[in-house]
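Residue numbers (my numbering): 5 to 282. Think of the CB as a built atom: it goes at the ideal place given N, C-alpha and C, for glycine as much as any other residue. Below is one structure; the comments refer to it alone.
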Ligand code: PGA
């Protein structure tokens, strides 16, 4: 696991966006796994900026979203379908047929979930999975004690997640759907790279448990300790409870890769984004 601590969410999101952009330039038909919530908003904003200013081309990119609420139609103002279109897809040149988001209105949930898994496999698997983390440690909507082997399926949200997400429903918990379709932890772990973002002191406990605690189903994100290529982008506040925070900062700033060495020779600012150390 590579822990990348940056001073704030803007810097962390920009650094993470560079990794996504590098992948798309190298593999124009890359398969991205995408997340919703407040956390990835600045990442999407930066990718939109790169599209507008630098011509970052999404025309071949394929996407699979992690999750969707059950019972919300696509055009509901809090559906993740709408979130993704308003905050990302409507602002880049992605082909509509390349976008995949679980259907919260499906009549046959098990059949839909099995097909979602098959569609991911048919696309060649996910190259890079963007993840947030819930204050209870969930990834996607894989709530505590979700099986590490789980695949796309229906889940019931915890009371904590319902309370956390009530802010999007005028603060009214009764309006928050209690069920969702989510990619499983097994599905997420098959992505070739996992890129987790977490910002703010509210995530500090979950981040400390994820990175430095035992791998345990009670803290779903801790499974990323077993992922061969997991990068965790956090700000100083989310890093607040890490015992080895200074070590992670030291590692990140001390081991420039080839491109960093070249940049340093050119007297440019060191940027260790693509140094790989897990
Ligand atoms: P947030 O949610 O980005 O809105 O904090 C993260 C999550 O629940 O995964």
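Cβ pair residue i, residue j closer than 7 Å
i           : j           : result
residue 192 : residue 158 : no
residue 209 : residue 144 : no
residue 166 : residue 149 : no
residue 65  : residue 98  : yes
residue 211 : residue 189 : no
residue 146 : residue 224 : yes
residue 46  : residue 13  : yes
residue 168 : residue 139 : yes
residue 27  : residue 132 : yes
residue 7   : residue 215 : yes
residue 48  : residue 92  : yes
residue 203 : residue 124 : no
residue 51  : residue 21  : yes
residue 55  : residue 96  : yes
residue 182 : residue 156 : no
Which of helix, strand or coil DSSP assigns to residue i
i           : result
residue 271 : With a pLDDT of only 45 at residue 271, under the threshold of 50, the placement of this residue in the model should not be trusted, and no figure is reported.
residue 158 : strand
residue 43  : coil
residue 200 : strand
residue 189 : helix
residue 216 : helix
residue 35  : strand
residue 7   : strand
residue 12  : coil
residue 81  : coil
residue 235 : strand
residue 71  : strand
residue 54  : helix
The ligand PGA heavy atom lying under 6 Å from the CB of residue i
i           : result
residue 330 : Residue 330 falls outside the range modelled here, since the chain spans only 5 to 282, and no answer is possible.
residue 136 : yes
Whole-number beta carbon distance between residue j and residue i, since they are thought to touch under 8 Å
i           : j           : result
residue 244 : residue 205 : 6 Å
Open item on the list: Going residue by residue through the stretch 92-176, where are the continuous beta strand (DSSP E) segments of at least 3 residues, counting only ones entirely within it?
Closed with: 132-135 and 157-160
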